[in-house]
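Protein chains in written order, with my numbering: chain A, -4 to 164; chain B, -4 to 164; chain C, -4 to 164. The beta carbon of each residue, even a glycine, is placed where N, CA and C say it ideally should be. Worksheet: one structure, shown below.
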Amino acid sequence: MGKSILITGGVRSGKSRHAEERTLVLGQPAIYIATAEAHDAEMADRIARHQARRGPEWRTIGAPLDLLGALRDTDSDGAPRLVDCLTLWLSNLMLSGQDWEAASDALAAALPDLRAPVVFVTNEVGAGIVPENALARAFRDAAGLVNQKVATASDELWLCVAGHPLKVK
Amino acid sequence: MGKSILITGGVRSGKSRHAEERTLVLGQPAIYIATAEAHDAEMADRIARHQARRGPEWRTIGAPLDLLGALRDTDSDGAPRLVDCLTLWLSNLMLSGQDWEAASDALAAALPDLRAPVVFVTNEVGAGIVPENALARAFRDAAGLVNQKVATASDELWLCVAGHPLKVK
Amino acid sequence: MGKSILITGGVRSGKSRHAEERTLVLGQPAIYIATAEAHDAEMADRIARHQARRGPEWRTIGAPLDLLGALRDTDSDGAPRLVDCLTLWLSNLMLSGQDWEAASDALAAALPDLRAPVVFVTNEVGAGIVPENALARAFRDAAGLVNQKVATASDELWLCVAGHPLKVK
Chain A
-4 MGKSILITGG VRSGKSRHAE ERTLVLGQPA IYIATAEAHD AEMADRIARH QARRGPEWRT
56 IGAPLDLLGA LRDTDSDGAP RLVDCLTLWL SNLMLSGQDW EAASDALAAA LPDLRAPVVF
116 VTNEVGAGIV PENALARAFR DAAGLVNQKV ATASDELWLC VAGHPLKVK
Chain B
-4 MGKSILITGG VRSGKSRHAE ERTLVLGQPA IYIATAEAHD AEMADRIARH QARRGPEWRT
56 IGAPLDLLGA LRDTDSDGAP RLVDCLTLWL SNLMLSGQDW EAASDALAAA LPDLRAPVVF
116 VTNEVGAGIV PENALARAFR DAAGLVNQKV ATASDELWLC VAGHPLKVK
Chain C
-4 MGKSILITGG VRSGKSRHAE ERTLVLGQPA IYIATAEAHD AEMADRIARH QARRGPEWRT
56 IGAPLDLLGA LRDTDSDGAP RLVDCLTLWL SNLMLSGQDW EAASDALAAA LPDLRAPVVF
116 VTNEVGAGIV PENALARAFR DAAGLVNQKV ATASDELWLC VAGHPLKVK
């Protein structure tokens, strides 16, 4: 069965770059599964910078909501997949009123049955002061739970600190 | 003397569940020392979910302010104690105008003399951007200091990341 | 060549105290390179508390902007330097309109050529919820990048958790 790896860390901790390196070691060409949608200029700029850094060894597909479907659709050819990132996927699910708990449970339950490897990027968003905004509190609670579910179902868990990965599991 | 263990991490990082598992390994039945007070519906809901997850192997007592007193009162029978959590205790001390520095110094100083083991849960609240709110800044400074004092007096220190504990000490 | 060490962590995680200990092991007397400027009473109070903790084995110089110049000026006598901290240096650069990317690239590029050791303190500011304030978002992105650059050019990288250092590299 395909290996699953979760890479977490704060913003600009080198998660995406490390995840790309890990994915390309697992096989080339690789598939980049983008969960981001360019809602505003700041996000569009960030997506463009990320794409510019990746080279021709990547094929990119978008999966803002149906992440498990995208993983299943790309599972047969054995190419490693990079999912960047789980917190944006969660945000898309919440904003579109979908059941993020059921979706993340289904994702975690399906991981052991995937044949091709998958590397997930996620974010640490719960190590600051409690936000005054109730939606922000709900989001960081949900992000922590999604990270736990996927980490438990994954073979490896890494925490990126200042660009360097620290093995947790 | 009883072992002391401090388990820290961001919100929803699996701290409480890991602390419960560690405590029950140290002995059963165990004593759950709750520092939370149900000030609002959101907190009441969180407390109820935590209690529902714990089973009959737990006896629960509340200690929103006199945590050291609760530890001393429950020290003679040898049952392990789980304190959940230090940041709520600190918040209660600050809100009631008590001297949290003296209280946390006394707690740390007393730890080596306790006979029954104790597992503390606390929160990482200082890895986000500097809050604009002065009280929030004071709280995260205080939480960091309390965590340092208790960690230094404890035998073990663990950081939970996405549900998985990482040994720091 | 002089060893470079980067020590990161959340607020009140014991970074400065640990960095001072590491620096004094590398040689005495040591040079404290302060990047802080006392803009307000809260910061002045924090600087004063930090200075009071340090003893006569330290010589203090200020380098709010030209950090690389200060490192070069103090490089010939071989005394270890402690830079506290990179995030304040970054903040000073941004507030004065200087090119922080060029400055941090130059700093990272120069590190391998320094003869005397240097210990850097920095802050984890990117593990909370995304700030609503655009300047705060830009700052935490920049801080993450500066930390990555300096960590990559350093020989050691440590994460402080509740007063205890965890080796990342």
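Among residues of its own chain, excluding the 5 on either side of LEU83(A), which ones have a beta-carbon nearer than 6 Å to its beta-carbon?
THR30, ALA31
Grab the span of the alpha helix (DSSP H) containing LYS162(A) for me, first residue to last.
Run containing LYS162(A): none in the alpha helix (DSSP H); it sits in the beta strand (DSSP E), 159 to 162.
Count the other CB atoms within 10 Å of the CB of THR55(B); is the residue buried (16 or more) or exposed (fewer)?
exposed
According to a CB-to-CB cut-off of less than 8 Å, which residues of the stretch 1 to 27 of chain C neighbour chain A?
LEU1, THR3, GLY5
Closer than 8 Å, CB to CB, is ARG135(C) near chain A or not?
yes
Residues near GLY64(B) in its chain [Cβ-Cβ closer than 8 Å; skip 5 each side]
ALA58
Can you check whether the C-beta of LEU161(C) is within less than 8 Å of a C-beta belonging to chain B?
yes
Which stretch, first to last residue, makes up the beta strand (DSSP E) that contains ASP79(A)?
76 to 79
Comparing the C-beta of MET164(A) with each C-beta of chain B, is any distance below 8 Å?
This sequence places Lys at residue 164(A); Met is not what is there. Interface residue, yes.
Mind listing the chain B neighbours of LEU152(A)? Cutoff is C-beta to C-beta under 8 Å, in chain order.
VAL156, ALA157, HIS159
Would you mind telling me which residues of chain A sit closer than 8 Å to VAL120(B), beta carbon to beta carbon, in chain order?
ALA122, GLY123, ILE124, VAL125
Which stretch, first to last residue, makes up the beta strand (DSSP E) that contains GLY57(B)?
53 to 57
Cβ of THR30(B) within 8 Å of any chain C Cβ:
no
Beta-carbon proximity check, VAL141(A) vs SER91(A), cutoff 8 Å
no
Name the DSSP bridge partner or partners of GLU151(A)?
ILE0(A)
Looking at chain A, is there any beta carbon in it that lies within less than 8 Å of the beta carbon of ALA39(B)?
no
Among LEU130(B), PRO107(B), ARG135(B), which has the Cα closest to the Cα of VAL120(C)?
ARG135(B)
Going along the chain, which residues of the stretch 92 to 103 of chain C sit with their C-beta nearer than 7 Å to a C-beta in chain A?
none
Taking a contact to mean a Cβ-Cβ separation below 8 Å, would you say VAL145(B) touches ALA111(B) in this structure?
no
Using three-state DSSP, classify ILE42(A) as helix, strand or coil.
helix
Is any beta-carbon of chain A found at less than 8 Å from that of ALA131(B)?
yes
Can you tell me where the beta strand (DSSP E) holding VAL125(B) begins and where it ends?
Here VAL125(B) belongs to no beta strand (DSSP E), and DSSP marks it neither H nor E.
List, in chain order, every chain B residue whose beta-carbon is nearer than 9 Å to that of LEU85(A).
Under the 9 Å cutoff, chain B gives no residues; its nearest Cβ is about 12 Å from LEU85(A).
ALA98(B): first and last residue of the uninterrupted alpha helix (DSSP H) it sits in:
95 to 105
Express the C-alpha separation of VAL125(B) and VAL6(A) in angstroms, rounding to a whole number.
15 Å
In chain C, what lies closer than 7 Å to THR147(B) by C-beta?
GLY158
One question on the structure: do PHE115(A) and LEU81(A) come within less than 8 Å of each other, judged by their Cβ atoms?
yes
6 Å Cβ shell around ASP35(C) - same chain, five flanking residues per side excluded:
none
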